[in-house]
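Asker: Those protein sequences? They're chains U and Y, same order as listed. Positions 1 to 458 (this note's numbering) are the ones given, in order, by the first sequence. Positions 1001 to 1320 (this note's numbering) are the ones given, in order, by the second sequence. The structure under discussion is supplied below as structure tokens; questions concerning it will follow.
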Amino acid sequence: MVKRKGMSVLVCMLLVLTVFAAGCSKGGSGTADSPGGVTEPKPGTDTPAQEQTEITLGYYSDGKSDAKMKELITTFTDKHPNITVKTQSAPYGQFYQKLDTQIAAGKAPDVWLSDGALVMKYAERGTLKDVTEWINKDLNKEDYYGLEFNKDAEGHYWGIPQGIQIGVLYYNKDLFDKAGISYPEDSWTWEDLKLAAEKLTVDASGKTAVDASFDANSVSQFGLTFFSITEGWFSVLKSYGGGILDETNTKSIVDSPENKQAMEWIVDGMNRGIFTDPVDLKSFQSSMAVFPSGSAAMRIGIYARVQAANEAGLNYDVALLPTGPDGKRFAPVIANSWVISAKADDAKAQAAWEWMKFWATEDEVQKEWAALGEAVPVKKSVANSDVFLTSGANPANRQAFLDSFEFAGTLDTNAVWEEWVSKFNENAERAFLGDTPVEETLKKANEDIQKVLDGFYK
Amino acid sequence: MIPSETPPEVQKKKRRFQAAGRSRLLRSEGRWGLLMVSPYLIHFLVFVAGPLAVSLYFSFTKYDMLTPPQWIGLGNYEQLFQEPLFWKSLWNTLYFAILFVPIQTVLALILAVMLNQKLKGLKLFRMAHFIPVISSWTVILYVADSIFNPRFGIANSLLIKWGLDPQQWLNSEKWVIPLLVIIAVWKGIGYIMILFLAGLQSVPGELYQAAEIDGAGAFHKFRAITVPLISPTTFLVIILSTISTFQAFEQVYVMTGAGDISSAGGPRNASLVLMLYLYREGFSFMHMGYASAIAWVLFMILFSLTLIQMKMQNRWVHYN
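Written out as structure tokens, the structure is:
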């Protein structure tokens, strides 16, 4: 009897709590209303200068960039005495873990720094403010790199870039010299790259991949290190004429003959030990470490990789990424961007926009940030000046980053980007390690990716 | 007192009197009692029962944290049971537990018996076994990597020296779970050993003396006295280790992905355990509802396993 009474009390408690929880979440939904969740920005309604506005600004950073960011914020508040800025910063991983819970609780920062690959995740879930009108009104689009990388299929802009990451081919000059091979040229196709990589791949007994007795299982120096979507397969697929999603970003086009050709080129390189395969990468502390440690002669890398290469004291330079069989070229782009929370009221959103405008338009800000050397400046005039082009000794050919904008594109980012990328990786790994043939892999990847897309868009 | 012998009215009156006394008592003592336990009670309601109920609710919804939850009934559970990755992660977890629990329990017991002797330098040995327990998984990773790294590790250089084929160790589907078990046993054994030591020290010495007089050998004493008398400790150890294997997360996360969630659980999902699967679905892919469903299934599994173990204890656990 007593036992049953205890049970019923427990059940009652749970019931009450469930109802309470349901109530809470309903309350939450009330504030996160309308799937768009976007109150159109009103460019006309500038807040009167004397009215004080406080905005919360969130960003991820390491120690060095944190100090610089605080400096820039002080400059900003000096110029805009009516705006006070409260900052929230954390290292990359923690910042995003916290951000999602903050948004769920309706306590997101008014303006935050979004990884370029995640802008659409937030935008398509209605947590960002559409900044199209502001951009049209306040910015001359011709002056900036990469504004279009935050544009969705319907032409709305969801943020403005804080700094741009763009992919090029990095090569280790010392290893090329040692092998007696001329440096990569802009006219290279992926086949040319592989021919050079063969001569740059060395096994434990010092034989290169051109040698008949070369041992592909004990490679000590790889021709090309190859990993992830950004710094690996995506550029190859795209320059072969393939890709992952169609132009609406809601349909998988993985299972194409172009992709098959590109994947076969990759798998062949991995089987022969010329490129690092996923298992090779695991034996390094980090897949990023292969190139800076001198264990690979070439890598596909974004601009941020300059830092690690310079810290390692590497003698290296960069070139444009090679072309596919039909002369097509593709450079992957990640435009890390400032975005405004959909929850920010008009005054806060206006103040947040002032900050974004300050960031993008002021030469001083752009120069200061460029000096950190972690991203390509957004403003064309600064990127094309000595501040960017000759800052630091290496790489000498910084112009390659700017030239790559001509054939640059995003990573088919959409609301479920992380999830479909992991599905592709999971399948590609099987092909890379020779478990399944390329054709079968792409068919399975196509199904898996479409399922992920349907899970969100249908 | 035999009820039929007392008249009903008297009985009723007596009961009412007793009840009144009890309620007065309840009013004073009960209030104090409630007041005293209220810090715990509030903590329990806010941080345990609340989240539990919320997660149960979410498990019936499609919820990505950024948009409001949508009620989909049993949808998540249906999807879960059709998902090959869920079954794979369940099997990986069970495989881990099947290897880990017996190996750790037996080895820790043997170690505890050995370290229960009166020898010189005993404290040093006990401490040496306890050091991995207090080290973080990241430190353990570096130690394990220096042994099992396929390129630079000691294990492979030994294999090559003996003329055997080098292995991919943590990168091999065949080896990854057994290796994770070995590493986890090495890290956890010190803690379990301490529990056994406490159990061993509560066994009265007279029993052994009596057995010796009867001519029992060391093994016989161990089997007939030590094992039954520390069976409550063994029972506790088995339940604790079973629960800890189902909760294994950090070790797999660190060991197989070096802290990178996209490669953790590899190779080819061979070490994807339930908690890792839950984390990936919930925090990387934002399927919070689905992740809550995984959590509840995990809870049901653990609950039934513990229940079975509780029922079985009558057969082999002896309290005094």
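A virtual CB, placed ideally from N, CA and C, is assigned to each residue, including glycine.
Which class does T1245/Y belong to by DSSP, given the choice of helix, strand or coil?
Answerer: Helix.
Asker: Mind listing which residues of the stretch 292-310 of chain U have their C-beta closer than 7 Å to chain Y's C-betas, in chain order?
Answerer: Of all residues in the stretch 292-310 of chain U, none has a Cβ within less than 7 Å of some Cβ in chain Y.
Asker: Just to confirm before moving on: does the CB-CB distance between R430/U and T413/U stay below 7 Å?
Answerer: Not a contact, by the Cβ cut-off of 7 Å.
Asker: With 7 Å set as the bound, which would you pick, yes or no: does the beta-carbon of F1222/Y sit closer than that to a beta-carbon of chain U?
Answerer: Not one chain U Cβ lies under 7 Å of F1222/Y.
Asker: Any contact of the stretch 388-401 of chain U with the stretch 230-250 of chain U, i.e. 3+ C-beta pairs under 8 Å?
Answerer: Result no; under three Cβ-Cβ pairs closer than 8 Å.
Asker: Name the residues in the stretch 91-115 of chain U whose C-beta lies less than 8 Å from a C-beta of chain Y; which are they?
Answerer: Within the stretch 91-115 of chain U, the residues whose Cβ lies closer than 8 Å to some Cβ of chain Y are Q97, D100, T101, I103, A104, listed in chain order.
Asker: Does the stretch 121-129 of chain U come close enough to the stretch 336-343 of chain U that 3 or more CB-CB pairs lie under 8 Å?
Answerer: The stretch 336-343 of chain U vs the stretch 121-129 of chain U: in contact.
Asker: Smallest Cα separation from M120/U: which of G269/U, Q102/U, G159/U?
Answerer: Checked all of G269/U, Q102/U, G159/U; the closest Cα to M120/U is G159/U.
Asker: Note down, one range per segment and in chain order, each beta strand (DSSP E) of at least 3 residues found wholly within the stretch 57-81 of chain U.
Answerer: For the stretch 57-81 of chain U, not a single whole beta strand (DSSP E) run of length 3 or above is found.
Asker: Relative to the C-alpha of E247/U, which residue among P91/U, M356/U, D152/U, K137/U is closest?
Answerer: Looking at the Cα atoms, D152/U is the closest of the given residues.
Asker: With a cut-off of 7 Å, does the C-beta of P1051/Y fall near any C-beta of chain U?
Answerer: So, not an interface residue.
Asker: Along the beta strand (DSSP E) that carries Q221/U, what are the first and last residues, could you check?
Answerer: Q221/U -> beta strand (DSSP E) spans 219-225.
Asker: So, with DSSP's three-state summary, where would you put M1300/Y?
Answerer: Helix.
Asker: Just to confirm my understanding: we take V382/U, look at its own chain, exclude 5 residues before and 5 after, and list those with CB closer than 7 Å. What are they?
Answerer: If we look at V382/U and ignore the five residues flanking it on each side, its Cβ neighbours are D363, Q366, K367, A370, F388.
Asker: Counting C-beta neighbours from all protein chains within 10 Å, is the total for Q1070/Y 16 or more, i.e. buried, or is it exposed?
Answerer: Flag for Q1070/Y reads exposed.
Asker: E154/U by DSSP, collapsed to three states: which one?
Answerer: E154/U: coil per DSSP, three-state reduction.
Asker: Near V1297/Y, which residues of its chain fall below 7 Å by C-beta distance, leaving aside the five closest residues on each side in sequence?
Answerer: So the list reads L1080, once near-sequence residues are dropped.
Asker: Output needed in chain order: residues of the stretch 1168-1179 of chain Y with a Cβ under 8 Å from some Cβ in chain U.
Answerer: Flagged, chain order: Q1168, L1170, N1171.
Asker: Return yes when the Cβ of I334/U is within less than 7 Å of the Cβ of G116/U, no when it is not.
Answerer: The answer is yes: Cβ separation under 7 Å.
Asker: Can you pull out the residues from the stretch 426-440 of chain U whose beta carbon lies closer than 9 Å to at least one beta carbon of chain Y?
Answerer: Cβ contacts with chain Y come from E426, E429, R430, L433, D435.
Asker: Quick check: the Cα distance between K458/U and F424/U, rounded to an integer number of angstroms?
Answerer: Those two C-alpha atoms are separated by around 20 Å.
Asker: Whose Cβ in chain Y lies nearer than 9 Å to the Cβ of E418/U?
Answerer: What E418/U touches in chain Y: S1262, S1284, F1285, M1286.
Asker: In angstroms, rounded to a whole number, what distance separates the CA positions of V1254/Y and L1179/Y?
Answerer: Cα to Cα, the separation comes out at about 14 Å.
Asker: Using the beta-carbon of each residue, which ones in chain Y are nearer than 8 Å to T230/U?
Answerer: Residues of chain Y passing the Cβ test: none, with the nearest at roughly 12 Å.
Asker: Please classify P1084/Y: is it buried, with 16 or more other beta-carbons within 10 angstroms of its beta-carbon, or exposed?
Answerer: Counting Cβ neighbours within 10 Å, P1084/Y comes out exposed, since fewer than 16 surround it.
Asker: Could you confirm whether any beta carbon from chain Y is found closer than 7 Å to the beta carbon of R125/U?
Answerer: Chain Y contact via Cβ: present.
Asker: Under 9 Å between beta-carbons, which chain U residues line up against L1272/Y? List them in chain order, please.
Answerer: Simply none; closest approach about 10 Å.
Asker: My output table needs one value for W1175/Y: the three-state DSSP class, helix, strand or coil.
Answerer: Correct three-state label for W1175/Y: coil.
Asker: Whose C-beta lies closer than 7 Å to the C-beta of T56/U among residues of the same chain, with five residues either side of it excluded?
Answerer: So the list reads K86, Q88, P109, D110, once near-sequence residues are dropped.
Asker: Around the Cβ of G146/U, are there at least 16 other Cβ atoms within 10 angstroms (buried) or fewer (exposed)?
Answerer: Buried.
Asker: How far does the beta strand (DSSP E) with K250/U in it extend, from its first residue to its last?
Answerer: The identity of residue 250/U in the sequence shown is Thr, whereas the question assumes Lys. Here T250/U belongs to no beta strand (DSSP E), and DSSP marks it neither H nor E.
Asker: When the Cα of A200/U is compared with those of N217/U, D177/U, S218/U, K451/U, which residue comes out closest?
Answerer: The question names Ala, but residue 200/U in the sequence shown is Leu. For the residues N217/U, D177/U, S218/U, K451/U, the minimum Cα distance to L200/U belongs to D177/U.
Asker: Can you name the residues of chain Y whose CB is closer than 9 Å to the CB of V279/U?
Answerer: Going along chain Y in sequence order, the residues near V279/U (Cβ under 9 Å) are P1150, Q1168, N1171, S1172, P1267.
Asker: Return the Cβ separation of I166/U and F432/U in integer angstroms, given the expectation that the two are a contact with Cβ distance under 8 Å.
Answerer: At roughly 25 Å, the Cβ-Cβ gap does not stay under 8 Å, so I166/U and F432/U are not in contact.
Asker: Can you tell which of E142/U, K141/U, K357/U, P437/U has its C-alpha closest to the C-alpha of L72/U?
Answerer: Selected option, being the one with the closest Cα: K357/U.
Asker: Look up Q162/U in the DSSP assignment and say whether it is helix, strand or coil.
Answerer: Correct three-state label for Q162/U: strand.
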